[in-house]
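Quick notes on the structure that follows.
Chains as they are written, first to last, in this note's numbering: chain U, 1 to 274; chain V, 1001 to 1274.
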């Protein structure tokens, strides 16, 4: 059994491209549709009702492209819609929360897991709930890191940079003190701070990239359900953004390896309200 | 001659409330309409075409409330629409750029003016052009400060905070070295960093709040054109936000003195596309 339709991935902005990168590695023959709502990024500081409204529009837009699977590669969206059954309607859907929680539980040896995310994500408690649902005895230490997204978006990620060092120290101090051996980076922007976070927490702590975890989970789900393509050609990546295509091009390189080819079209925010 | 209609003020988010605060001081009897596009804030990292599209929608929304004057209390919008004639249509309109440039030129003694703003604002060169149009011999030193808005929005503004100190030092180093005696804070969020900026630049540098400068300019314009109210009652402040009213309430206090009363209603982003 096979299915040659595309896989749809969306995010508030460009962070979800960390999930796309992983998909290109593990499923090189799949066609991918990526949607970044760059004209309304970031979602992480907005109210839950606005996040859910935007997420519904994002899913509806991706579904217009006849996809076989939808990945919300956005920690904020995934946290807000956790618990809403069948968010993708009749299309298989995953966010990043459950895949990250499962990956963290496979990794931890001492049962202490750190969770970092945007303000909305941490306020939702979604990662904590997902971890405890699978493994009630596991302890999570949860911290919102509202400066991490602006730091990454402005290219301020060097582990020797004073601002980066201080932000990492401030946000991860409690997690470090807790003795956690695994950290869920619950926002798809955060892998850009991997070096700085590793420097502070030490090599012994396993870092889980939520975007990569979602890609691996989606692969398993598609395998189980006979949804993988039987094409042996290299898959295409078509991107859509609500802000200008030029701005997307300028910044996508931070999240996507240079060898990955794509084309990008602009759509109007107005089209999301149709 | 008098006019009892309201004055309309808008911003991408809450920063424009610094302009409202000044209006309440100098024009206590005027009714004010404030519109904050919180569901799409910030504008400063978006493309020029998206900023102009949003600005047109913001103006159209404010005009639905029968206002006699419109103030774009947003450095990013003001910079993007500088040079577009009659942006308010038949309603008198001002941004923050010209008022701030005029105030800086009244203040400077040595003819060197620092300008700070969002990436879009500084890339537009709007403040520099406005200064040089009035006074070609004046020198401006312009720096984008992309971390300042997220710092203010997350309440990280203490002048002793390491991150604040380092961000201020990094962004204002060139301006300090230039010997500028006046600084245009070209984004309505920045007055929250006044203490940290003053500490770094020293007492000798005059800081121009773009929101306050726009309020004073609007007052003069209304005086000249017979547009002030003849009411002696305290003016009302009615706010609209595209995100939730609760979120607006939670955060408005950072920008507005507690004694200022207002009511706030949510409108949908969809209404901006009508």
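Virtual Cβ for every residue (Gly too), placed ideally from N, Cα, C.
Just checking my contact of residue i with residue j at CB under 8 Å: how many whole Å lie between their CB atoms?
i               : j               : result
residue 1019(V) : residue 1212(V) : 7 Å
residue 1079(V) : residue 1260(V) : Between residue 1260(V) and residue 1079(V) the Cβ distance is about 27 Å, and since that is not below 8 Å, they are no contact.
residue 282(U)  : residue 230(U)  : Chain U is shown from 1 up to 274; residue 282(U) falls before or after that span and cannot be answered.
residue 992(V)  : residue 1094(V) : Outside the shown range of chain V (1001 to 1274) lies residue 992(V), about which nothing can therefore be said.
residue 1168(V) : residue 1200(V) : 5 Å
residue 208(U)  : residue 100(U)  : 5 Å
residue 70(U)   : residue 50(U)   : Rounded, the Cβ-Cβ distance is 20 Å, inconsistent with contact.
residue 1034(V) : residue 1237(V) : 7 Å
residue 16(U)   : residue 188(U)  : 5 Å
residue 1138(V) : residue 1132(V) : 7 Å
residue 256(U)  : residue 1047(V) : With a Cβ gap of about 19 Å, residue 256(U) and residue 1047(V) do not count as contacting.
Here's a check: name, in chain order, each residue in its chain whose Cβ is nearer than 8 Å to the Cβ of residue i, leaving out the five neighbours to either side.
i               : result
residue 164(U)  : 151, 156, 157, 158, 193 and 196
residue 28(U)   : 234 and 235
residue 81(U)   : 52, 55, 72, 87 and 95
residue 1004(V) : 1031, 1229, 1230 and 1231
residue 226(U)  : 1, 2 and 3
Could one say the Cβ of residue i lies closer than 8 Å to chain U's Cβ atoms, at least one of them?
i               : result
residue 1005(V) : no
residue 1163(V) : yes
residue 1050(V) : yes
residue 1167(V) : yes
residue 1142(V) : no
residue 1246(V) : yes
residue 1154(V) : yes
residue 1270(V) : yes
Exposed or buried, residue i, counting other C-beta atoms within 10 Å across all chains shown (16 or more means buried)?
i               : result
residue 185(U)  : buried
residue 1068(V) : buried
residue 1177(V) : exposed
residue 136(U)  : exposed
residue 1173(V) : exposed
residue 1219(V) : buried
residue 1258(V) : exposed
residue 253(U)  : exposed
residue 134(U)  : exposed
residue 250(U)  : exposed
residue 45(U)   : buried
residue 1106(V) : exposed
residue 268(U)  : exposed
Does the CB of residue i have a neighbour CB from chain V at under 8 Å?
i              : result
residue 79(U)  : no
residue 273(U) : yes
residue 30(U)  : no
residue 2(U)   : no
residue 11(U)  : no
residue 147(U) : yes
residue 243(U) : yes
residue 39(U)  : yes
residue 45(U)  : yes
residue 220(U) : no
Once you ignore the five residues that flank residue i on each side, which residues in its own chain have a CB closer than 7 Å to its CB?
i               : result
residue 1190(V) : 1116 and 1148
residue 265(U)  : 240 and 245
residue 122(U)  : 142, 143 and 144
Which same chain residues, not among the five before or five after residue i, have their C-beta less than 6 Å away from its C-beta?
i               : result
residue 1108(V) : 1181 and 1182
residue 1114(V) : 1141, 1175, 1180 and 1183
residue 77(U)   : 55
residue 1038(V) : 1013, 1241, 1242 and 1243
residue 36(U)   : 11, 13, 14 and 241
residue 171(U)  : 143 and 145
residue 66(U)   : 5
Every unbroken alpha helix (DSSP H) within the region 192-274 of chain U, with a cutoff of 4 residues, ordered by chain:
194-201, 210-224 and 245-252
Sequence ranges, beta strand (DSSP E) only - wholly within the region 1020-1047 of chain V, length at least 3
1032-1036
So within the region 1117-1169 of chain V, which uninterrupted alpha helix (DSSP H) runs reach at least 4 residues, ignoring any that extend past its ends?
1119-1124, 1126-1134 and 1148-1153
Ordered list of alpha helix (DSSP H) runs contained in the region 40-115 of chain U, each at least 4 residues:
48-63, 75-81 and 97-107
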